[in-house]
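For what it's worth, UniProt numbering labels the leading residue of the sequence shown as 1, then goes sequentially. Cβ atoms here follow ideal geometry from the backbone N, Cα and C, with glycine treated the same way.
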Amino acid sequence: MIELKTPTEVQRMHTTGRFVAEVLTEVGRIADVGVNLLDIEHHVRGMIKQRGAESCYWDYSPSFGKGPFRNVICLSVNDAVLHGLPHDYVLRDGDVLTADIAVSIDGWAADSACTVVVGTAAEEDLRIIRATEEALEAAIGAARAGNKLGDISAAIWAVAREHGYPVNTEFGGHGIGRTMHEEPHVPNRGKAGRGIKLHPGMTLALEPWFARTTDQIVFDPDGWTIRSADGSRTAHSEHTVAITDDEPLVLTRRESEGS
Numbered sequence: 001m002i003e004l005k006t007p008t009e010v011q012r013m014h015t016t017g018r019f020v021a022e023v024l025t026e027v028g029r030i031a032d033v034g035v036n037l038l039d040i041e042h043h044v045r046g047m048i049k050q051r052g053a054e055s056c057y058w059d060y061s062p063s064f065g066k067g068p069f070r071n072v073i074c075l076s077v078n079d080a081v082l083h084g085l086p087h088d089y090v091l092r093d094g095d096v097l098t099a100d101i102a103v104s105i106d107g108w109a110a111d112s113a114c115t116v117v118v119g120t121a122a123e124e125d126l127r128i129i130r131a132t133e134e135a136l137e138a139a140i141g142a143a144r145a146g147n148k149l150g151d152i153s154a155a156i157w158a159v160a161r162e163h164g165y166p167v168n169t170e171f172g173g174h175g176i177g178r179t180m181h182e183e184p185h186v187p188n189r190g191k192a193g194r195g196i197k198l199h200p201g202m203t204l205a206l207e208p209w210f211a212r213t214t215d216q217i218v219f220d221p222d223g224w225t226i227r228s229a230d231g232s233r234t235a236h237s238e239h240t241v242a243i244t245d246d247e248p249l250v251l252t253r254r255e256s257e258g259s
């Protein structure tokens, strides 16, 4: 069942989204050569506690995971792209780091992710990051009342094809609101004009992610971290978006991204 949020409820999600944006901005600031992933995890825990927010990840036990998740942020490095379990790893020059976080404030959730390069950036890494960002903006542009869910998926897929990146459909975007994962599933590949109709009040986490040369994935022994099957590097961009009577409203936009 898809719950349509009232304008007041969307504004409450926007409050959460602004905090999520602050956290990702801070992670981008502190992620540097020589920084341990566990230090980032604990720094974010402090931010969440100080704000009085609740992690949507802590104790999360979906069907694909291995036991309850006991961290507040996903940190995925290089060929890892989703659900990266923070661990004792010191960031190196040229590492690609994806940070993904979802929290709830006063019962309303928001979810966002971004990928950055630590230290010296290789052009091919910047290229795939830009491709996910471009695909996310295309998806947001398609998230309009009267369109179909497939229009969002097709917009992401079109950007991936343009850049020559394959697309995995096992994990994609999702509804969000009172909980982190709600209906519907939003594939990153699809056909325009297909699927459910989009209505004002729908809130979606849109999250294109690509691996450079494969659409296949593998899981780490930790049961959570998802990597490209061929070891190629990856990138992931995500925003929580509300569909309105007018323009789509991005609830997790960071100041560095502009309006």
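For residue i, three-class secondary structure by DSSP
{"i": "residue 157", "result": "helix"}
{"i": "residue 237", "result": "coil"}
{"i": "residue 64", "result": "coil"}
{"i": "residue 192", "result": "coil"}
{"i": "residue 15", "result": "helix"}
{"i": "residue 229", "result": "coil"}
{"i": "residue 208", "result": "coil"}
{"i": "residue 95", "result": "coil"}
{"i": "residue 132", "result": "helix"}
{"i": "residue 164", "result": "coil"}
{"i": "residue 28", "result": "helix"}
{"i": "residue 81", "result": "strand"}
{"i": "residue 49", "result": "helix"}
{"i": "residue 42", "result": "helix"}
{"i": "residue 75", "result": "strand"}
{"i": "residue 125", "result": "helix"}
Residue i to residue j span [Cα, whole Å]
{"i": "residue 150", "j": "residue 34", "result": "42 Å"}
{"i": "residue 184", "j": "residue 205", "result": "10 Å"}
{"i": "residue 261", "j": "residue 192", "result": "Missing from the structure shown is residue 261; the chain here goes from 1 to 259 and no further."}
{"i": "residue 60", "j": "residue 216", "result": "24 Å"}
{"i": "residue 27", "j": "residue 40", "result": "7 Å"}
{"i": "residue 158", "j": "residue 232", "result": "21 Å"}
{"i": "residue 129", "j": "residue 160", "result": "11 Å"}
{"i": "residue 91", "j": "residue 121", "result": "13 Å"}
{"i": "residue 148", "j": "residue 195", "result": "6 Å"}
{"i": "residue 15", "j": "residue 251", "result": "8 Å"}
{"i": "residue 175", "j": "residue 139", "result": "14 Å"}
{"i": "residue 44", "j": "residue 111", "result": "14 Å"}
{"i": "residue 72", "j": "residue 179", "result": "15 Å"}
{"i": "residue 249", "j": "residue 136", "result": "13 Å"}
{"i": "residue 19", "j": "residue 162", "result": "33 Å"}
{"i": "residue 32", "j": "residue 197", "result": "43 Å"}
{"i": "residue 2", "j": "residue 37", "result": "36 Å"}
Own chain, CB closer than 7 Å to residue i, minus 5 neighbours either side, in chain order
{"i": "residue 245", "result": "145, 200"}
{"i": "residue 113", "result": "98, 99, 100, 207, 236, 237, 238"}
{"i": "residue 214", "result": "166, 228, 229, 230, 232"}
{"i": "residue 11", "result": "none"}
{"i": "residue 66", "result": "222, 223, 224"}
{"i": "residue 190", "result": "150, 153, 154, 157"}
{"i": "residue 30", "result": "40, 43"}
Cβ shell of residue i (< 6 Å), same chain only, five flanking positions each side left out
{"i": "residue 187", "result": "153, 169, 172"}
{"i": "residue 142", "result": "151, 152, 155"}
Spatial neighbours of residue i in its chain, beta-carbon cut-off 8 Å, leaving aside the 5 residues before and after
{"i": "residue 124", "result": "212, 233"}
{"i": "residue 4", "result": "199, 200, 201, 202"}
{"i": "residue 117", "result": "94, 95, 96, 97, 125, 126, 129"}
According to DSSP, residues forming a beta bridge with residue i
{"i": "residue 219", "result": "226"}
{"i": "residue 249", "result": "242"}
{"i": "residue 182", "result": "175"}
{"i": "residue 147", "result": "None; residue 147 has no bridge partner."}
Next item on the list: Evaluate contact between the segment 227-237 and the segment 68-86, counting only Cβ atoms and requiring at least three cross-stretch pairs below 8 Å.
Entry: yes
Check: Within the chosen definition, does the segment 39-58 reach the segment 104-115 through at least 3 CB pairs nearer than 8 Å?
Finding: yes
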